Amino acid sequence: MDAPTLHNILLHTFSNDGGARKAAEDAVANLHTVRGSIVLLAQLVSAADVQREIRQAGAVALKNMVLKHWEGVNQADNTMLSVFPNSDKDEYRKHIFESLLTMEDRSLRAILAEAVSQIARVDFPNQWPGLVAEITTNVQSGDVTRICNALLALRKLVKLYEYRREENRADLNTIVGVTFPMLRGMLAQLMTNNSLEAAHMIHLILKIYWSCMQVSLPPMLATTTEVTAWMEIFGTLLTKRLPEASEGVEPLGQPTDADERAKWPWWKVKKWNLQILTRFYMRWGNPKHVPEELAEMSKFYRANINPPMLAGVLETLALRKNGHFCTDRVVHLCLTYLNEAVKSSLAFKQLKPHLHFLLFEVVHPALCLTKSDLQLWEEDPHEFVRKTNDFFEDYLSPVNAARDLLNELCTLRGKDCFSNVLMFYNQILSAYQAAPVEARDVVQKDAVLHGLMSLDKLLVKSKAHKAQVETLLLTHVLPEFHNSHGFLRLRACKMFTGHFISDIAFADTTVTEIAQCMLKCMKDPELPVQIEAAKTLRYIVTYEHSTAALDVMRPLLPDIMQQYFSLMDEIGNDDVVIALEHIIDAFADEIGPYAVQLIQKLVDCFLQFAESGDEDDEACMTAASCLDTVNTILYSIHNQPEYFPLFLEPLVPVLDRVLSSEDYLEYLESGLDILISLTYHSKSIAPSVWALFPKLFSSYNDWAADYISNYVSLIDNFIGLDVNAFLAGGVVGVDGSRVSYLEMVFQMAAHVFKTSEGEESDKSLELVAACRLLYSILHNCLRHDISVCVPMIVQITCLKLSRSLQTNVVTALFGVIASALNYNPALTLTTMESFQATDPLFRAWMTHLPNIKSYMDRKMMVLGLMAIFKLPLAELPPTLQPHLQGLLVGAVTQLQEIQKEPQEEEDSENESDDGEGFDQLVDQGGYASDEDAEDLQDEEIAAWMRELQRNGEDGSYFMGGDDDDYGTSELDNIDEFAVFLETVQALHSTNPAAFQALHLDTDEFKATCDTFAAEIHRRQQEAIEDAHAQVNGQ
């Protein structure tokens, strides 16, 4: 192929002739098969005389070719086979890298940089050892284009290591050692250069520094000498003045439009500089939170670097107060920096003289609605709703950072801040109340309520203020539901979320009024108010101190539902759908008559939002929430299974769609949850639902293998609810052969076992899930003939047990062996003997016994072991004979463990330590000025972390460690204690010599059996009492 031919192919990808365009696109897709095509593409992209659209198409083709084919395909011996010969790759790298270095077009440069990044990911450092030297040479070339593009290449290179663990960053540390002295020297020289080219270079160097230090600090950058040198430069950039264009002072040319200002290279420099400073301070600036080897550097930073940085941050925050421009992101980062500084006694001492400025001239104005906010409300309420409900926009906004700083100052430094803030707010509220309605400053009132909402936890936990909170809400919030300004009605709704609604016990009359106001706001003429009211109702229906709100809503339930559907038609909002879910849950007993209509509407909404979900994250989340709400409805009326057949008409088609296309992958978990509810709570499985069963496996095999854990409970429901239909079912393939449902389930488990080879430690959750699929077969089919698959189950399980595995996986695999023994001990042992697995397996099993913890694992083991003793002992394999005594001891030990009462969790006082710590801190007014403030962990997060630590060490927390996860089966009707005693008694009757040889005739063993008999009696009595309780409706 020559250059004109390639140019012609790319030109035809824009052709209006569909056939010609398709042929050109196919030719582009196959360029990797044409030797030298990469060189031609690189030359074409670099040719300034070629039409830009052609160059862009060539750049995209080049990038895609590198992404898809440079690394190659993994071979059986774990080597990579690439379509590009290694002998050609040096030339290819040279041309692509040179094209990047000389590229002036910004868009084309970005595409080429991605190609270089991919090549570096595969080839650096082994196949491309000279890359860093090439970059360094071009950075020092004196050519502005080459310098900038070489810096971009360096950024792409170090970014490959950005999130790697310390032990995998050796190459990055080498890169830092070679390039950072040069980069620091460049920065020092650029400090006096005010050109846009200088700003571009500084911007790239800052991004390189960020990628190298944000996760882990390279050793070279951790010395006090290097920290001091770099921070001096960062401090200079922090305080660098950016004048207005009208001043005629360098740097020149600052735009006047706010959006354009944020894109101006010098404001980008400010942003990245502050991002580095904030990250460095939060990650490395507290000696208590860094590794021991960094403690001295951290102390040095606090004592010597942070004071001038704090001064620069305060200077930056003063820009807006003094009438100068500052981007929102820079303000956000400054406030985030101060949020960390509040915790340090040394830093707080420096901040203390500036508290009035911070609280009332920075934080409070940040909480005020801006002119652009009000303009957006009026001109585009849909965009206002989207923007104010966008998590990422909120997270990166100065408003969010101001809320956090206000809360930190008033909580951690309450003696110096809290009372002053409340006095300030009281003055504004009093002035508002005293002023004529038309003269009231509604924006200031909104900001005060905003601030109080940020302090809701502090106010309700403070003994000095909690009693006044209800009066504050009644006096200053409830009246705003009737305000003529929509944003204050919205703020009134917002105030009844969080701690103001959960921790205050209002009178029933007040609760009734709040509920009525919220319902009125759902029909507000302003869309943002409607949305906020709909979101807030979730807190009203879950209010624990009174049912008055539910009494208000109950007769209006159909109308409320219709309002929610109208809003969902109007705009996709995840929180609105979640609120509807809470309402459905709260009115579970009343929801039945509306359930079919609700589900049909939710399905319609799901289809509507899913259609635009690829391009709209909010729509995607809302679509998923629609399915989750359907599942809430199913759970809410699970005691009324007569409704379930009515749901199939709207639900089955949408579930079929979710299972049939990878386009719906994001909704797969929600769809499977619905199917789980349908199959678990229904009295039987309808043919239309059974028709979905094969699609579980086709979706898993084609594109959903990562979701094996989500399939397990659903498949178990199908098998457990109608085992006869399961065993009779199957599908006919395109070749005319029939595959049974039983084989499909086995193959799914076998697929997990096979694909996890060599990655067992990373695939523990998937392996446990596969074991539970096998449990489902073996436990539910106890009375059916599945002997055909038992040898295969035993074989793949024994083979997997020979690998190095995590403890929970070993337990699950032994559970499969126990279940197979319980199903057919003779067949299981024969299979084990066929590949000499009996002796090593039982040795390993007995060694593993102390690791078996859960009730169901213990029960499975006892039933499996006892099944062995039901066989004629003389006919057992010789390799098993030496283990018989140990097997009996193991079974007795497991039964004794089952008898024991479970260990009590930590007492409630210990569980609430974090909450008490917060309360105590509030009561003492925060920390003293000369004390470092410790991080306060939210009690709910702390409780979750404790639970994670207790249950999640082996991954079982994420899989779900409860016995409920084993589903229901015929095993539930078997008492393991009764099986043990019956087996032992039978052995005594049929083989007294063996009974004696196994030491079962001792007084100690008889006493043990007596305790087991007592346990059986206790269970029987408990079952009788439970039955009486159900009959009596207790």
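The opening position of the sequence shown corresponds to residue 2 in our numbering, with each subsequent residue numbered one higher. Built from N, CA and C at the ideal position, the CB exists for glycine as well. Just so we're clear, the structure is a prediction, and the values are computed from it rather than from any experiment.
For secondary structure counted as the alpha helix (DSSP H) over 4 or more consecutive residues, the segment 112-177 holds these complete runs in sequence order: 132-140 and 145-160. Under the three-state reduction of DSSP output, V74 falls in the strand class. Contact between R94 and I120 holds: CB atoms are separated by about 6 angstroms, below the 8 angstroms threshold. E227 is classed as buried because its beta carbon has at least 16 other beta carbons within 10 Å across all chains shown. Annotation: the segment 758-821 contains the following complete segments of the alpha helix (DSSP H) (minimum length 4 residues), in chain order: 765-781 and 791-802. Going by beta carbons, F1013 and M867 fall outside the 7 angstroms limit. For S741, there is no enclosing alpha helix (DSSP H); the residue is part of the beta strand (DSSP E) that begins and ends at R739 to S741. The bridge partners DSSP lists for G731 are S741. By the beta-carbon neighbour count (other beta carbons within 10 angstroms, threshold 16), A506 is exposed. As DSSP reads the structure, L608 sits in no beta bridge. The three-state reading of DSSP puts L253 in coil, since its state is none of H, G, I, E or B. Here I1025 is exposed. Its C-beta has fewer than 16 other C-beta atoms within 10 Å.
Partner residues in a beta bridge of L828, as assigned by DSSP, do not exist. Put simply, the segment 635-653 touches the segment 581-599. At least three CB pairs are less than 8 angstroms apart.
DSSP places L679 in the helix class (H, G or I) of the three-state scheme.
Each of I572, D504, E591 and L557 was checked against the Cα of E545, and the nearest Cα belongs to D504. Contact check between the segment 275-292 and the segment 245-257: fewer than three CB pairs, one atom from each, fall below 8 angstroms, which does not count as touching. With contact defined as three or more Cβ pairs closer than 8 angstroms, the segment 288-304 and the segment 322-335 are not in contact.
Judged by DSSP in its simplified three-state form, L82 adopts strand. With a threshold of 16 other beta carbon atoms within 10 Å, V789 falls short and is exposed. Take N195, set aside five residues on each side of it, and the residues of its chain with a beta-carbon closer than 6 angstroms to its own are E251 and P252, in chain order. Across the structure, Y701 and Y708 are spaced so that their CA atoms are roughly 7 angstroms apart. By the Cβ criterion, the segment 375-384 is not in contact with the segment 431-438, since fewer than three pairs of Cβ atoms, one from each stretch, lie closer than 8 angstroms. DSSP, reduced to helix, strand and coil, places C335 within a helical segment of the structure shown. Of the residues I686, Y636, L972 and Y665, the one whose Cα lies closest to the Cα of L783 is L972. Scanning the segment 259-305 for uninterrupted beta strand (DSSP E) segments of 3 residues or longer gives nothing; none is fully contained. With fewer than 16 other CB atoms across the displayed protein chains lying within 10 angstroms of its CB, T476 is exposed. Between N711 and I675, the C-beta spacing is not below 7 angstroms.
A residue is called buried once 16 or more other Cβ atoms fall within 10 Å of its Cβ, and Y164, having fewer, is exposed. Less than 7 angstroms divides the Cβ of L397 from the Cβ of H333. In the same chain as V117, and ignoring 5 residues on each side of it, the C-beta atoms closer than 7 angstroms to its own belong to I97, F98, L101, A154 and K157, in chain order. If you draw a 10 Å sphere on the C-beta of N823, you find 16 or more other C-beta atoms in it, and that means buried. Between the alpha carbons of L42 and A60 lies a distance of about 7 angstroms. DSSP places C518 in the uninterrupted alpha helix (DSSP H) bounded by D509 to C522.
Taking the Cα positions, A342 is about 5 angstroms away from A348. Burial is judged here by how many other beta carbons sit within 10 angstroms of a residue's own beta carbon; A58 has at least 16 and is buried.
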